[in-house]
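**Q**
Residue numbers (our numbering): 106 to 306.
1) What are the complete beta strand (DSSP E) segments, minimum 3 residues, inside the region 175-238?
2) Can you tell me which of 134, 136, 119 and 146 puts its alpha carbon nearest to the alpha carbon of residue 298?
3) Tell me whether the region 174-190 and the region 205-222 touch, counting them as touching only if at least three CB pairs, one residue from each stretch, are closer than 8 angstroms.
4) For the region 255-274 and the region 120-137, state whether three or more C-beta atom pairs, one from each stretch, are separated by less than 8 angstroms.
5) Considering only C-alpha positions, which residue in the set 219, 276 and 243 is nearest to residue 141?
6) What does the alpha-carbon distance come out to for the pair residue 201 and residue 119?
7) By how many angstroms is the C-alpha of residue 272 removed from the C-alpha of residue 285?
8) Enumerate in chain order the residues of its own chain whose CB-to-CB distance from residue 107 is below 7 angstroms, with the five nearest sequence positions on each side excluded.
9) Using a 10 Å radius around the Cβ and a threshold of 16 neighbouring Cβ atoms, would you call residue 121 buried or exposed?
10) Tell me, please, which residues DSSP counts as bridged to residue 136.
11) With a CB to CB cut of under 8 angstroms and the five nearest residues on each side skipped, what residues in its chain are close to residue 155?
12) When the Cα of residue 206 is compared with those of 221, 137 and 177, which residue comes out closest?
13) Compare the Cα-Cα distances from residue 275 to each of 264, 258 and 290 and report the closest residue.
14) Assign residue 244 to buried or exposed, taking buried as 16 or more other Cβ atoms, counted over all protein chains shown, within 10 Å of its Cβ.
15) Leaving out five residues on either side along the sequence, give the residues of the same chain with a beta carbon under 8 angstroms from the beta carbon of residue 248.
16) According to DSSP, is residue 146 helix, strand or coil?
17) On the CB-based measure, 16 or more other CB atoms within 10 Å of its CB, does residue 236 come out buried or exposed?
18) Please look up how many angstroms separate the CB atoms of residue 138 and residue 152, rounded, as I've assumed it's under 8 angstroms.
19) Could you pull out every residue in the same chain whose Cβ sits closer than 8 angstroms to the Cβ of residue 111, ignoring the five residues on either side in sequence?
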């Protein structure tokens with residue numbers, strides 16, 4: 106991939122732009138809990154971790170929806186850490202009811218949602234295996250208001266120029282917060298070209 110594609114300034118936002126901004130807020134006092142989906146391959150390949158056991162990730166286990174519950178657990182194991190859990194929108198909706206738990210227990214979690222209104226990895230797998238996708242798209246969700254309905258702080262961005270400031274506001278919240286980021290997966294084919302699909306289908 107050419108470097109200029111990493112930092113497109115429009116919307117949706119390129120994965121490497123999101124990772125670049127995330128990298129700037131991750132220090133030794135942060136624990137990461139990573140869900141399953143296309144975004145997790147981007148994170149596993151490009152996000153750096155400099156502390157042992159800083160990142161909890163279930164490579165290859167297809168554990169969609171696990172990030173937020175993991176984050177809640179991590180907040181009790183590491184009460185002095187800021188917990189950042191990350192999922193796609195499809196994975197988040199599989200366990201989003203646990204926002205009630207996160208709020209009730211006043212966990213110090215920022216949950217970041219990469220939004221594309223689809224099960225993107227499933228879509229790619231179906232195209233490879235069946236030649237067409239089916240049942241992988243869903244309508245838009247206002248994740249900011251959804252989070253606020255549980256009592257969490259909700260944030261969203263519309264373009265890359267808003268990402269840095271909004272991410273810093275969200276990480277500064279003392280308590281549970283949710284940040285929704287529209288993601289541009291057009292470069293997934295470049296990311297995936299060295300992956301053996303027989304191992305993940």
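The beta-carbon is built from N, C-alpha and C at its ideal position, and this holds for glycine as well.
As the structure is a prediction and not an experimental result, all values here were calculated from the model.
**A** In short:
1) Runs of the beta strand (DSSP E) inside the region 175-238: 187-193 and 214-220.
2) Looking only at 134, 136, 119 and 146, the smallest Cα-Cα distance to residue 298 is reached by 146.
3) Yes: the two stretches touch, three or more of their Cβ pairs being nearer than 8 angstroms.
4) The answer is yes - the region 120-137 touches the region 255-274, with three or more Cβ pairs under 8 angstroms.
5) Nearest C-alpha to residue 141 among 219, 276 and 243: 219.
6) Taking the straight line joining both Cα atoms gives about 24 angstroms.
7) Looking at the two C-alpha atoms, the distance is approximately 10 angstroms.
8) The predicted model places residue 107 with a pLDDT of 48, which falls under 50 and marks its position as unreliable; any figure quoted below should be read in that light. Taking residue 107 as the centre and dropping the five residues before and after it, the same chain places no C-beta closer than 7 angstroms to its C-beta.
9) Buried is the label assigned to residue 121, since at least 16 other Cβ atoms lie within 10 Å of its Cβ.
10) Looking at the DSSP output, residue 136 bridges to 188.
11) 133, listed in sequence order.
12) Nearest to residue 206 by alpha-carbon distance, out of 221, 137 and 177, is 177.
13) With distances taken between Cα atoms, residue 275 lies closest to 258.
14) By the 10 Å Cβ count, residue 244 comes out exposed.
15) The beta carbon of residue 248 sits closer than 8 angstroms to the beta carbons of 194, 197, 218, 220, 259, 261, 283 and 285 from its chain, once the five residues preceding and following it are set aside; these are given in chain order.
16) Residue state for residue 146 is assigned as helix, using DSSP reduced to three classes.
17) Exposed.
18) Not really, about 13 angstroms apart at Cβ, beyond 8 angstroms.
19) Reliability fails at residue 111, whose pLDDT of 48 lies under 50, so the model's placement of it is uncertain and the value that follows must be treated cautiously. The beta carbon of residue 111 sits closer than 8 angstroms to the beta carbons of 119, 121, 122 and 125 from its chain, once the five residues preceding and following it are set aside; these are given in chain order.
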